[in-house]
Amino acid sequence: MKVTVVYDDCLSKPAMKTGWGFSCLIEIESQPPLLFDTGADGATLLHNMKQLNIDPDNIGVIALSHSHSDHTGGLLAILERNRHAEIYIPASVMVELPGRKVIRVSQPTPITKAIFSTGELKGVEQSLAVRAKSGILVITGCSHPGVGVILDVASLQGELCGIIGGLHGFRNFEKLRDLSLICPCHCTQHKYKLQELFPEQYVMCGAGLELELLS
Ligand SMILES: [Zn+2]
Ligand SMILES: [Zn+2]
72 MKVTVVYDDC
82 LSKPAMKTGW
92 GFSCLIEIES
102 QPPLLFDTGA
112 DGATLLHNMK
122 QLNIDPDNIG
132 VIALSHSHSD
142 HTGGLLAILE
152 RNRHAEIYIP
162 ASVMVELPGR
172 KVIRVSQPTP
182 ITKAIFSTGE
192 LKGVEQSLAV
202 RAKSGILVIT
212 GCSHPGVGVI
222 LDVASLQGEL
232 CGIIGGLHGF
242 RNFEKLRDLS
252 LICPCHCTQH
262 KYKLQELFPE
272 QYVMCGAGLE
282 LELLS
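Here it is, written out as structure tokens:
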């Protein structure tokens with residue numbers, strides 16, 4: 072399986088553009104590619120997709136972590152180029168998308184064979200739990216419900232192996248000790264501290280980053 076960061080505040084490949092927000096694509100063999108969040112603007116998102124050879128029309132599922140515009144701003148640009156994707160949104164998000172298959176998530180919910188939603192946590196945000204060979208990879212938007220809560224719910228799907236995404240002001244660092252992959256993105260305030268504490272597990276996030284994990 073592969074996770075590609077399509078939109079982030081930082082850069083991982085020179086041809087990419089940055090923006091305040093987050094989006095990543097999750098590709099797992101013989102399953103529809105899933106786009107998690109859409110960044111803050113369609114132009115940057117589409118530019119980066121083109122550089123990464125990602126065809127928006129190939130996306131089978133779109134999941135939005137929460138309603139903030141730095142995660143939803145590129146949605147309409149994708150929907151203009153993709154008429155068929157199923158869209159998973161937290162139940163509290165009030166958005167009308169006529170003619171689209173929208174699934175409103177409140178409880179932990181399977182999305183594809185290997186990808187689960189944590190459900191909407193604390194009435195604000197869903198994260199993903201993705202099954203890899205080495206365990207569950209947690210993918211977050213901003214982590215507004217708190218990283219600890221997200222990890223606890225994701226771990227119901229199995230032993231955790233890593234986390235990627237925005238961690239906001241999270242500083243209960245011990246909670247990450249057992250993970251083999253720590254890739255803080257976007258709004259994470261304590262990236263340097265995490266890198267210092269977990270140099271072996273730490274992966275620098277940025278638009279264009281491609282992470283390959285065994286399925
Ligand atoms: Zn954000
Ligand atoms: Zn947010």
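For the sequence shown, this note's numbering gives the first residue as 72, with consecutive numbering after it. Backbone N, C-alpha and C define an ideal beta-carbon position, used for all residues, glycine too.
Considering only the alpha carbon of each residue, which of the options lies closest to residue i?
| i | options | result |
| --- | --- | --- |
| Glu271 | His261, Leu280, Gly279 and Cys254 | Cys254 |
| Ile207 | Cys81, Asp223 and Leu117 | Asp223 |
| Gly240 | Arg248, Gly113, Cys258 and Pro169 | Cys258 |
| Gly279 | Met72, Gln260 and Met87 | Met87 |
| Cys213 | Asp112, Glu98, His142 and Met275 | His142 |
| Gly229 | Val77, Lys204, Lys73 and Cys81 | Lys204 |
| Ile158 | Lys84, Ser198 and Leu168 | Leu168 |
| Ile174 | Ala185, Gln197 and Gly144 | Gln197 |
| Asn243 | Ser101, Gly237, Cys256 and Leu265 | Leu265 |
| Glu100 | Ala185, Leu199 and His215 | Ala185 |
| Thr211 | Val220, Leu199 and Gly219 | Leu199 |
| His261 | Glu98, Ile149 and Tyr273 | Tyr273 |
| Cys276 | Arg248, Gly144, Glu191 and Leu238 | Leu238 |
| Glu245 | Val218, Leu227 and Asp108 | Val218 |
| His155 | Leu116, His139 and Gly131 | Gly131 |
| Gly170 | Val220, Asn153 and Val76 | Asn153 |
| Met165 | Trp91, Cys256, Leu135 and Leu123 | Leu135 |
| Val195 | Pro161, Lys172 and Pro179 | Pro161 |
| Phe93 | Ser83, Lys84, Pro85 and Gly110 | Gly110 |
| Leu82 | Leu150, Thr115 and Ser251 | Thr115 |
| Ile97 | Arg202, Ala148, Val220 and Arg248 | Arg202 |
| Val209 | Ser226, His137 and Asp108 | Ser226 |
| Glu191 | Gln178, Ile234 and Leu146 | Gln178 |
Could you tell me the boundaries of the alpha helix (DSSP H) in which residue i lies?
| i | result |
| --- | --- |
| Glu267 | Lys262 to Leu268 |
Let me see if you follow: with CB-CB separation under 8 Å, is residue i close to chain B or not?
| i | result |
| --- | --- |
| Leu227 | The question asks about chain B, but that chain is absent: this structure has only one protein chain. |
If you follow the beta strand (DSSP E) that residue i is in, where does it begin and where does it stop?
| i | result |
| --- | --- |
| Val76 | Lys73 to Tyr78 |
| Glu271 | Per DSSP, Glu271 belongs to no beta strand (DSSP E) and is neither H nor E. |
What does residue i pair with, by DSSP beta-bridge criteria?
| i | result |
| --- | --- |
| Val176 | Pro161 |
| Pro69 | As displayed, the chain neither begins before 72 nor continues past 286, which places residue 69 out of reach and without an answer. |
| Leu282 | Val74 |
| Leu82 | Ala278 |
Closer than 7 Å: residues whose CB approaches a heavy atom of ligand 1: Gly92, Phe93, His139, Asp141, His142, Gly212, Cys213, Gly237, His257 and Cys258
Ranges of the beta strand (DSSP E) found wholly within the stretch 179-252, counting only runs of at least 3: 186-188, 199-203, 206-211 and 231-237
Uninterrupted beta strand (DSSP E) stretches inside the stretch 89-166 (no shorter than 3 residues): 94-98, 105-107, 132-134 and 157-161
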